[in-house]
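This report refers to the structure that appears directly beneath it.
In this note's numbering, the protein residues as written are 214 to 409.
Below, the structure written as structure tokens:
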């Protein structure tokens with residue numbers, strides 16, 4: 214190699230390193246890692262559902278409708294796989310969030326039904342599963358918030374100079390990352406009624 218070729222190669226490497234490609238690539242990997250943690254927590258919750266349903270079934274056999282709703286919602290969640298590469302597909306993301314929201318709602322109804330069964334509430338297995346489920350819901354909220362933070366950092370970096378020019382060279386490789394949105398109706402407080 215001639216000296217001017219080596220110099221050109223070094224200048225090209227310097228320009229590519231300083232143009233934002235390495236940074237945006239690093240942030241893209243951060244988004245993928247954060248998404249993996251979100252999926253891990255959703256999977257943890259889905260794995261708890263069969264044990265929870267079986268435990269409740271023993272005490273609340275005539276609550277078949279609620280148990281069936283939880284089982285169906287769990288099955289629907291299992292059908293929808295959303296990888297980090299699918300995050301920019303609005304339809305897939307919406308279907309994923311909807312299925313997860315339906316499972317959350319079904320589990321909430323199951324917890325309300327369990328209040329009618331003192332023996333169930335006293336069952337050690339049920340108490341343990343309920344505590345694990347509550348902990349998992351907290352982890353899901355934490356990981357979703359963390360994902361949104363990482364996605365915001367990626368999107369900000371993606372849209373700043375000089376990275377915005379580099380991103381344009383790679384087509385859809387570095388598309389904007391979507392955020393988790395609150396479920397419809399989440400802003401409205403639930404109605405609590407203690408009257409008989």
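By construction, the Cβ of each residue, glycine as well, lies at the ideal position given by its N, Cα and C atoms. Bear in mind that the values here come from a model prediction, so they are computed numbers and not experimental data.
_Continuous beta strand (DSSP E) assignments of at least 3 residues falling wholly in the region 255-302_ = Segments of the beta strand (DSSP E) lying fully in the region 255-302: there are none.
*Does DSSP put residue 374 in a helix, a strand or coil?*
In the structure shown, residue 374 sits in coil (DSSP, three-state: anything other than H, G, I, E or B).
*Determine the DSSP secondary structure at residue 234, reduced to helix, strand or coil.*
Helix, per DSSP.
*DSSP state of residue 240 mapped onto helix, strand, coil*: DSSP, reduced to helix, strand and coil, places residue 240 within a helical segment of the structure shown.
*When you compare only the Cα positions, how much space is there between residue 264 and residue 360?*
The C-alpha of residue 360 is placed about 29 angstroms away from the C-alpha of residue 264.
*Buried or exposed by the 16-neighbour rule on C-beta atoms within 10 Å, applied to residue 404*: Any answer about residue 404 is weak, because its pLDDT of 46 lies below 50 and its placement is not dependable; what the coordinates show is given next. An exposed status is given to residue 404, since fewer than 16 other beta-carbon atoms sit within 10 Å of its beta-carbon.
_Rounded separation between residue 388 and residue 243 - CA only_ = So the two alpha carbons sit approximately 14 angstroms from each other.
*asked:* Please list the terminal residues of the continuous alpha helix (DSSP H) segment that includes residue 334.
replied: Annotation for residue 334: the continuous alpha helix (DSSP H) segment containing it runs 331-335.
*Within 10 angstroms of its Cβ, does residue 335 collect 16 or more other Cβ (buried), or is it exposed?*
Exposed is the call here.
_Any heavy atom of the ligand NAP closer than 7 angstroms to the beta-carbon of residue 235?_
Absent from the structure shown: the ligand NAP. Ligands present: none.
*What's the call for residue 406, buried or exposed, on a 16-neighbour Cβ count within 10 Å?*
With a pLDDT of 42 at residue 406, under the threshold of 50, the modelled position of this residue cannot be trusted, and the question is left open.
_For residue 402, count the other beta carbons within 10 Å of its own beta carbon; 16 or more makes it buried, fewer makes it exposed. Which is it?_
Caution is warranted here: a pLDDT of 45 is assigned to residue 402, below 50, making its placement in the model unreliable, and the coordinate value is therefore given only provisionally. Residue 402 comes out exposed.
*How many angstroms separate the CA atom of residue 349 from the CA atom of residue 258?*
Residue 258 has its alpha-carbon roughly 6 angstroms from the corresponding atom of residue 349.
*Given a threshold of 16 other Cβ atoms within 10 Å of its Cβ, counted over all protein chains shown, does residue 254 qualify as buried or as exposed?*
With 16 or more Cβ atoms within 10 Å of its Cβ, residue 254 is classed as buried.
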